[in-house]
């Protein structure tokens, strides 16, 4: 249930109203929009009468019920206003949201060694990325496959961050590693295989770093938003939703089916920003540019692109990684679409 | 197997070489590219030795084996050159192909009456479409649902064509109707449910009108191209491939999952032009603009958009139809992307 | 809508009531159950008032609305009574239905030559099959693959029928072949790829031979029953539904995912008999026995099993075909389950 | 790689050979089969020459390479011999395996209170079950839905165990709860949503209780076996694989598509015992008996059935739960099939 306050409602009245709902046993959440303040009400609201709520204050404009099963994640909960996830990085704040330029995340599947991660960071920064991705802990289908360098890789990410000023995005697989990861990461990733690892969701929801929530392999839109709701309900409002391809009957050419229709669907359902990952989404480097361009035209707020200095020798996911040279060209191609739709930032000044 | 002839090969030599292969029991097909002539060889080529073929003429540059199961549909068969499907319409030739502006097909799901089809045709023409779509024979899940007006609807399409100069695209469900349909249609559509109706494919392949082949609900890319191969093998080289959404586990918000990755995949596999149908692909009018924009940025050669003067009263597929007003606005939005990627035609002069 | 007549309703009253509904512009269909007569009413019944209908005759017991989109195919339409499809064969009538032994259909994917088809027929007959399957017209993914011997193969099926007394089941792909096929076939098969070829469904519905309707690769249960409804609505009440595997994300070991849950689901929805095809359903001969046993325990009314005298040399679908020896053993294994559930016929007397 | 020792190999020779491989840096695992001892070799065996290994001892019969990506889980690793998972319960040892009667696990989705869990335990025990299932920690799509009573529910399971002598199976969602759960549970369940929670897999693999590994919603067979491999590789050889329905395009009638073909496929790939869960697999109580019967005929080693004293009032998954009365009847129906295939234990003596 949400309470839309009238324009110009006095601060103390908003506080008083919130206190009133707290006294009723509900959890009021203040959401400050561009023009109005909305109070989200979480708890056992099923039997509440909107008219009765209306009488709590003359500054209440309307009382609306959130019909969706995901409450805090729904667009209704913010009365139709999209949220920004603002991430501090050494180079300044980067905003993920519908009114900001497309944020670019790039980097290798896994952190292999210092030289490669720093070199990749430099290159993607020079090409215009704001974030470096790179796995320290890797979810691998086989227990015998390379599982990531773990803690030592976190140190390498920190070095790359210091060197380039890029923000860092890396995945958590085990809640026990969360603290260590949060020391380095600016955004913490929950992978597709853990999208419904509810224990982990509660824990990333209880810490302050923004969370990138990848869609599960066969997660419906509703399940995905409910997974985001676990994080929001635990107190962390900064969730970015990342589409990375779903499982379908056709895996002959693409590893997954990148479902770009989430751009259309999520924009009607949720206020949370959206990222598209065409690298995992297709599994093949040569398909990445087409899908990245389509994603920008479709209104994505962010892109995640795998880049590796030598894809043929990558320890994981080489076939879907672009070379730094190809990534440079891709950024130029993306700029054409990004500018046409008014969502491209000024080119970063090259580091080299 | 393909025989690439050297630049400047004399016409009579190409004829002689082709005759030689005919004598061997093979079917040679001459493909005239921008710079070179290629001879496609169909038949029992498995045991042929490329070196032996090479000796047939000093004008032969190289002999290459087509590894894909789809031979004539493969990009290799045309030695990497995309084909154009050129369709005569009352207003002139319209080209579907990678080097041409995005061709726009619009109109209602079914032809309901003369007023609505002529009115829709005028409106979509004015907004910039080159083709009118409209079903005379409708494949409906229920035998009790409206099945299309059949033959009389063909007459109404003819009227709309005469009135506006638009090309006509309409579906054939029964080979017995093919002749009647071909009198009116400029492009004949084979629907998703008939994608592997091989009898029908052979018959549309044996008539001269271009064919729009919709992807089956759960057809793999290979099956789709093999279905195109049935048409090509029957002698009709003019096939356009139309993606219209595949069946996945999530049908909560979208009717189908529009698989835009076909743009990336097909461009590496086939020379045939591609159309995207975001209306069936999503099943909801509000999702159409996002997907149409993404499709253009992803390099589609054509779009098919459902437009109905009064979607709420449509006899079929109302929820996925745009109003003419929304279509006008969409065309303006698409022009922004289309111009950015250099694939937009000059706006048509309004008829009204 | 259905009208349940009281036990002992006089014949002339049933006729009078039916005539009354005909006068109202509806189509009454008399269904004779074990104990009662039911009149199915097809047509525009949405606005009819059950109470008003009740008044037509004191012999009317109740009037019930069929809520399902499939009317004639629904279990409600027969007031909960399963239907039998009774097929005349040279050896006598064979019944497909819940109160009869499991009917066994066996034979090769395609009819290759007289020796192989007659030999296979003898063997499967000796092992206890009632029907011979064998393709004369084959739906093949590739236009270059063996397409079946067509009309000449029909002659070979006729020979095998005469030789063994088995009933014949073979597929129609083109309505133009229907007459020829019906001369030989006792049951006419519509394949998975044509499940929504509505033109063909109408035509097999307008001829008198029973129809075996295979489920489409990604057809929902509702779509499948609606396809059956096309046949029933065209006048042919003898439809058998055949599950042959659906398309899922996992094709590594099985060609399709055989969906045995249709046994549970269809038994609550439709009165039509059910067949399971574990050969296409799994695509591998070694998986067939397990699934055939499971199907019988789950209550299938019939099984279709591919048998080929020399699977390794089969012109199509060799990997999923059993040898006659393996089929002999399978029949013994199936008898154990079939007898346990009371649905096994006396072993046929061996021909040899 | 596996080393098959000759029949009668002296114990000390087997030890010596194992030590030799340890010296080479490999991990030898002794597997005692019915007739022979096999030494499984894990580690970097890619470059080893089987002939060289053969020379280590004259008691070595053959050296075979395991080609599958899952090594310890493969049937080859045990040289074609199926493994038994033997679970101690208060009432004695229960064996899950191909040569044992079908083990029956029954109980409610979640443990709601002492009365209901003890009552359910008595009833399912009386009907013939060997294990009680019941969730203390529940993975729920919504953060606002009942999440299980947690630790206190474990106490109630212990009470039911003491009262009835049944073994206990319950799910772990968070590794932090593992110790508490293992105090009560005889088999620890990893749920479908955590099938690729590799951190959790490693931890259940490092503790001694047998593990029930449910298949992920869209897990391929290979991914499922690789998940089992994580547990085996961590040192726990007692893994039972549970099929609980996969996600497909059709969720109209069933919640999932129960994939019984795993019975056929897994029996050719792995030595691990198999359980089928028709309750989650279909999501509807009325479908459970059909699928349970089919599973037994198909060769399942175990069944998991949801039973609740009052399904209409269940806190979770009521629609798929049988009443105790229906479960009594089901056990009688299953006995018919179970006895026919020689895999049914003597009826338990009723407690009441």
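Protein chains in written order, with this note's numbering: chain A, 102 to 453; chain B, 102 to 453; chain C, 102 to 453; chain D, 102 to 453.
A virtual CB, placed ideally from N, CA and C, is assigned to each residue, including glycine.
Chain-ordered chain D contacts of residue i [CB-CB under 7 Å]
{"i": "residue 348 of chain B", "result": "350"}
{"i": "residue 454 of chain C", "result": "Nothing about residue 454 of chain C can be read from this structure; chain C reaches only from 102 to 453."}
{"i": "residue 359 of chain C", "result": "362"}
{"i": "residue 244 of chain A", "result": "330, 331, 334"}
Cβ neighbour criterion (16 or more within 10 Å) applied to residue i
{"i": "residue 441 of chain B", "result": "buried"}
{"i": "residue 187 of chain A", "result": "exposed"}
{"i": "residue 381 of chain C", "result": "buried"}
{"i": "residue 152 of chain D", "result": "exposed"}
{"i": "residue 194 of chain C", "result": "exposed"}
{"i": "residue 200 of chain A", "result": "exposed"}
{"i": "residue 120 of chain C", "result": "exposed"}
{"i": "residue 136 of chain B", "result": "exposed"}
{"i": "residue 453 of chain C", "result": "Low local confidence applies: a pLDDT of 39 at residue 453 of chain C is under 50, so the model's placement there is unreliable, and no value is given."}
{"i": "residue 117 of chain D", "result": "exposed"}
{"i": "residue 300 of chain B", "result": "buried"}
{"i": "residue 451 of chain D", "result": "For residue 451 of chain D, the pLDDT reaches just 42, beneath the cut-off of 50, and the residue's location in the model is therefore unreliable, although a value from the coordinates is still provided. Exposed is the call here."}
{"i": "residue 425 of chain B", "result": "buried"}
Residue interval of the beta strand (DSSP E) (run including residue i)
{"i": "residue 403 of chain C", "result": "403-407"}
{"i": "residue 315 of chain C", "result": "312-315"}
{"i": "residue 207 of chain C", "result": "204-208"}
{"i": "residue 141 of chain C", "result": "138-143"}
{"i": "residue 282 of chain D", "result": "No beta strand (DSSP E) contains residue 282 of chain D, which is instead part of the alpha helix (DSSP H) from 279-285."}
Residue interval of the alpha helix (DSSP H) (run including residue i)
{"i": "residue 306 of chain C", "result": "299-306"}
{"i": "residue 234 of chain C", "result": "Not the alpha helix (DSSP H): residue 234 of chain C falls in the beta strand (DSSP E), residues 232-234."}
{"i": "residue 123 of chain C", "result": "112-124"}
{"i": "residue 322 of chain A", "result": "322-334"}
{"i": "residue 218 of chain A", "result": "215-228"}
{"i": "residue 428 of chain A", "result": "425-441"}
For residue j and residue i, believed in contact at Cβ under 8 Å, the rounded distance
{"i": "residue 230 of chain C", "j": "residue 206 of chain C", "result": "7 Å"}
{"i": "residue 313 of chain D", "j": "residue 375 of chain D", "result": "Incorrect: roughly 11 Å between the Cβ atoms, too far for contact."}
{"i": "residue 175 of chain D", "j": "residue 164 of chain D", "result": "With a Cβ gap of about 16 Å, residue 175 of chain D and residue 164 of chain D do not count as contacting."}
{"i": "residue 349 of chain B", "j": "residue 349 of chain A", "result": "5 Å"}
{"i": "residue 395 of chain A", "j": "residue 404 of chain B", "result": "Not really, about 13 Å apart at Cβ, beyond 8 Å."}
{"i": "residue 367 of chain A", "j": "residue 333 of chain A", "result": "Residue 367 of chain A to residue 333 of chain A, Cβ: 15 Å. No contact."}
{"i": "residue 365 of chain B", "j": "residue 420 of chain B", "result": "That belief does not hold up - the Cβ atoms of residue 365 of chain B and residue 420 of chain B are roughly 29 Å apart, past 8 Å."}
{"i": "residue 104 of chain C", "j": "residue 128 of chain C", "result": "Not confirmed; about 13 Å, so no contact."}
Nearest candidate by alpha-carbon position, reference residue i, set the options
{"i": "residue 109 of chain B", "options": "B:345, B:415, B:128, B:159", "result": "B:159"}
{"i": "residue 283 of chain D", "options": "D:266, D:261, D:255, D:298", "result": "D:255"}
7 Å Cβ cut-off: residues of chain B touching residue i
{"i": "residue 319 of chain C", "result": "318, 319, 348"}
{"i": "residue 274 of chain C", "result": "299, 300"}
{"i": "residue 102 of chain C", "result": "Near residue 102 of chain C there are no residues of chain B at all, since even the closest Cβ is about 13 Å away, more than 7 Å."}
Within chain A, the residues that residue i reaches when beta carbons sit closer than 7 Å
{"i": "residue 353 of chain B", "result": "321, 322, 323"}
Contacts that residue i makes with chain C (C-beta to C-beta distance below 7 Å)
{"i": "residue 297 of chain B", "result": "240, 294"}
{"i": "residue 388 of chain D", "result": "362, 365, 366"}
{"i": "residue 327 of chain B", "result": "242, 243"}
{"i": "residue 383 of chain D", "result": "362, 365"}
Contacts of residue i in chain D (Cβ-Cβ under 8 Å)
{"i": "residue 94 of chain A", "result": "There is no way to answer for residue 94 of chain A, as the model of chain A reaches only from 102 to 453."}
Listed by chain order, chain C residues near residue i by CB distance under 8 Å
{"i": "residue 441 of chain D", "result": "437, 438, 440, 441"}
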